[in-house]
Each structure stands twice: as C-alpha cells, then as structure tokens.
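Engineer:
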Amino acid sequence: MTALHRRSIGIVLVCLLAATSMLALQPQTRSVSDAVYTDQQAVRGQATYKAKCSSCHGDKLEGRVGPPLAGDDFLANWNTQPLLELANKIRKTMPKDETTAKPTSQETADVLAYMLQTGKFPSGRTEFPADDTALAKLSFPAAAAAAPKPALAAQQPSRPPTGNLAQVMRGILFPSANIVFTTQSIDPGVKRTPPKDDSPTGGFDWLTWGGGVYTGWDVVDYASVSLAESSSLMLTPGRRCENGKLVPVTDADWIKFTRELEDAGKASYKASQTRSQDAVSDSTNQLNDACLHCHNVYRGRTHCESSARR
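Going by this note's numbering, the sequence shown opens with residue 1385, and the numbers climb by one from there.
1) Should Val1681 and Asp1647 be called a contact, given that it needs their Cβ atoms to be closer than 8 Å?
2) Taking Gly1573 and Gly1600 to be in contact with their CB atoms under 8 Å, please state how far apart those CB atoms are, rounded to whole angstroms.
3) For Arg1659 versus Thr1477, is the C-beta distance shorter than 8 Å?
4) On the DSSP bridge list, what partners appear for Pro1720?
5) Using only the alpha-carbon positions, how far apart do Tyr1441 and Val1495 sit?
6) Going by DSSP, what residue range makes up the alpha helix (DSSP H) through Lys1436?
7) Pro1559: buried (16+ other C-beta within 10 angstroms of its C-beta) or exposed?
8) Would you kindly check if the distance between the Cβ of Glu1644 and the Cβ of His1677 is under 8 Å?
9) Pick out whichever of Thr1483, Val1552, Ala1460, Val1420 has its Cα sitting closest to the Cα of Ala1435.
10) Less than 8 Å between the beta carbons of Leu1549 and Val1631, yes or no?
11) My guess is that Pro1466 and Ala1526 are in contact by the Cβ rule of under 8 Å, so how many angstroms apart are they, rounded?
12) Does the Cβ of Val1433 have 16 or more other Cβ atoms within 10 Å, making it buried, or fewer, making it exposed?
13) From which residue to which residue does the alpha helix (DSSP H) around Gln1657 run?
14) From Gly1450 to Asn1463, what does the alpha carbon distance come to, in whole angstroms?
15) Tell me the residue span of the alpha helix (DSSP H) that contains Leu1557.
16) Give the straight-line distance between the Cα atoms of Ile1474 and Lys1480, rounded to the nearest whole angstrom.
17) Measuring only the C-alpha atoms, how far is Lys1650 from Asn1627?
18) Let me know the secondary structure DSSP gives Ser1417 once reduced to three states.
19) What residue range is occupied by the uninterrupted alpha helix (DSSP H) comprising Ala1493?
20) DSSP beta-bridge partners for Arg1624?
21) Does Arg1448 pass the burial test, meaning 16 or more other C-beta atoms within 10 Å, or should it be called exposed?
22) Output the distance between the C-alpha atoms of Thr1517 and Ser1415, rounded to the nearest integer angstrom.
23) Could you check the C-alpha separation between Thr1510 and Ala1419 for me, to the nearest Å?
24) Under 6 Å Cβ to Cβ from Leu1619, same chain only, skipping five residues before and after it: list those, please.
25) Per DSSP, what kind of secondary structure is Lys1650 in: helix, strand or coil?
26) Ordered along the chain, which non-local residues of its own chain (more than five positions away) have a Cβ less than 7 Å from that of Ser1665?
27) Going straight from the alpha carbon of Ser1667 to that of Leu1453, what length do you get?
28) Quick one: what's got a C-beta closer than 8 Å to Asn1472's C-beta in the same chain, skipping five residues either side?
29) Can you give the beta carbon distance from Ser1614 to Val1564, rounded, assuming they're within the 8 Å contact cut?
30) Would you report the Cα separation of Ala1426 and Pro1506, rounded to the nearest angstrom?
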C-alpha cells in the first residue's frame, strides 16, 4: 500500500469518526409510543388528576371548562412540541384554582403518564421522566396529528368594522401593551390588594375595578393574547382612521407591521406561560420594536396622523 493510499484511508477514517461524534452529540428524540411510562405511575397520576385537574378537564379527560387532554384535538395542539412544553404548562399554570397547590415535577410526570395511558399509548418498565432534559427529548408521534379542520370563520361573510383605528388602538392595543410592559417593574405573581377608593367622585379606574377578578398572571396572559389577536383587526377592510381616511390595509409595510405585532403578542404569551417576570420583561423588547417600527412609518404622517397617536 502506497503512502498516498494510507493517507487517503486515514482521512476517510477521520471524517467518519467526526461524523459519528456529531451524531452522538445530537439530542435523540423519542416518541411516547416507545413505552415511556409504567402502569403503576399512571395509577399515581390518576389520583393526582382527580384531585387537581378533573374539575376543569373532566373525569375522563374529555374536557369541561378546560380543554380535553386526550383525543385528536389534544394531539393536534401538542403534536409539534416536545413534552417539556406540556409539562411546563401543567406545573407552572395549573390548576387555575389558586387554593389548590400546583403539582410538583413528579406529580406532573405522573399525570402525563395517566394522560398517555388514557390516550392508548403503550406502557413499559421505565417511569415517565420528571427532569427537563429528558422531557425535551420526548414528543408525540408525528402521525398522531389530526387533519386540520376547515376554519368556520373562512366560511362566513366579512363583517363591517364598528370602530375606527384610533378606537381599536386605544381600547385594545394601548391597555394590553401597557399591562405587558408593566411586568418590567411589577411581578404579576405577587398578590396585591387593590386600593380602596371610598370617595364617590373618585372616577372609574378599570384596572382597580378588575384587580380582584383575575390573577396577575392571567391578566398578562389575556393582554398578550389580545395583542396577537388584534393584528387581524388592524387589517379589517373598510376600517377608517380617525380622520376619516381608509386604513392602508393593503400596504406592504402595514401588513408587515401588523404581523410583527402578532408575533410580539405570541412571544409575550409564551413568556407569560413560564410564569417568569424576567422572561415576560425580556419579551417586551420585541413588542416595543413592533410598535416602534409602525410608528416610525405611520405616526405623524398625513394619512392616519390623528389615529396613530396613542
């Protein structure tokens, strides 16, 4: 064998070893169809579920006040995400009843095991993991996703707008954005007693009035969703600016900025689901940029000058 041949073989071996090492470093995703829980764990999970979850999600996970936790609709919602996302949803935001303690990491894993058992996924000899690293490598099988159902809204005729652009912005976007921005200085998880105003002429303060209705984190959730959903309102054909001119819903910039608003609202909602003040506060950078981009182009311009002001 010549020196050239030996060198070529050596190069090939080095490349193969490098490729093998890279594959070994990549996270290996497993499916919940691979028997990742035990029957005994599912029994524990059923007990926790009945105590903390069934009042909202039904005795058989069929859904009640809360959504179903088994079946095609459930799988379609969680099919594209690692089990870690579902676990975090359970242990950080559930149950809604604040008088009931939130599940521990182990209780969450047990409840997930019960959900898998109810969903007819096979059991095995190893318990469902409770640590984040393992959960991040687990997912539902891709084939389990249900075919998307046709959107009912697409079958309905479009409705004419009720308010002008300024009213939509001041009634929905402005208060919702301010709630999200407030997380920069106030922790939504800290319980506060709304101030009492005994003065009959104290005026109407909707934040004070609604302060005892929902928890702080719920309010941030709802505000984030409002921001994301309101993007479609900004694109409603026929809506007018406060000055009477039509909103430029077909402008490329306008469409781009409304999509940025939608993405920012979704990012804030995802951050809010972690129940971390720092995470939501960080997400406000994206929301601020979305607002700033639109204001730089449309605020103070002749077309919608008055309606672009907050």
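For each residue, glycine too, the CB sits at the ideal point set by N, CA and C.
Structural biologist: According to the data block:
1) no
2) 6 Å
3) yes
4) The question about residue 1720 has no answer, for the chain in this structure spans 1385 to 1694.
5) The sequence given here places His at residue 1441; Tyr does not occur at that position. One C-alpha to the other measures close to 12 Å.
6) 1423 to 1436 is the extent of the alpha helix (DSSP H) around Lys1436.
7) With fewer than 16 Cβ atoms within 10 Å of its Cβ, Pro1559 is classed as exposed.
8) yes
9) Thr1483
10) yes
11) Actually they are not in contact, since the Cβ atoms of Pro1466 and Ala1526 sit about 13 Å apart, beyond 8 Å.
12) Correcting the residue identity first, residue 1433 is Tyr in this sequence and not Val. Buried, by the Cβ-count rule.
13) Taken as a continuous stretch (DSSP letters only), Gln1657 belongs to no alpha helix (DSSP H), as it is neither H nor E.
14) 19 Å
15) Counting along the chain, Leu1557 falls outside any alpha helix (DSSP H), and DSSP gives it neither H nor E.
16) So the alpha carbons of these two residues sit roughly 10 Å apart.
17) 31 Å
18) coil
19) Taken as a continuous stretch (DSSP letters only), the alpha helix (DSSP H) holding Ala1493 covers 1489 to 1502.
20) Leu1630
21) exposed
22) 15 Å
23) 8 Å
24) Around Leu1619, the same chain offers Val1633, Thr1642 as residues with beta carbons nearer than 6 Å, after the five sequence neighbours per side are excluded.
25) Reduced to three states, the DSSP call for Lys1650 is helix.
26) Thr1567, Gln1568
27) 29 Å
28) Gln1657, Thr1658
29) Going by Cβ atoms, the distance from Ser1614 to Val1564 rounds to 13 Å, so no, they are not a contact pair.
30) Cα to Cα, Ala1426 sits roughly 11 Å from Pro1506.
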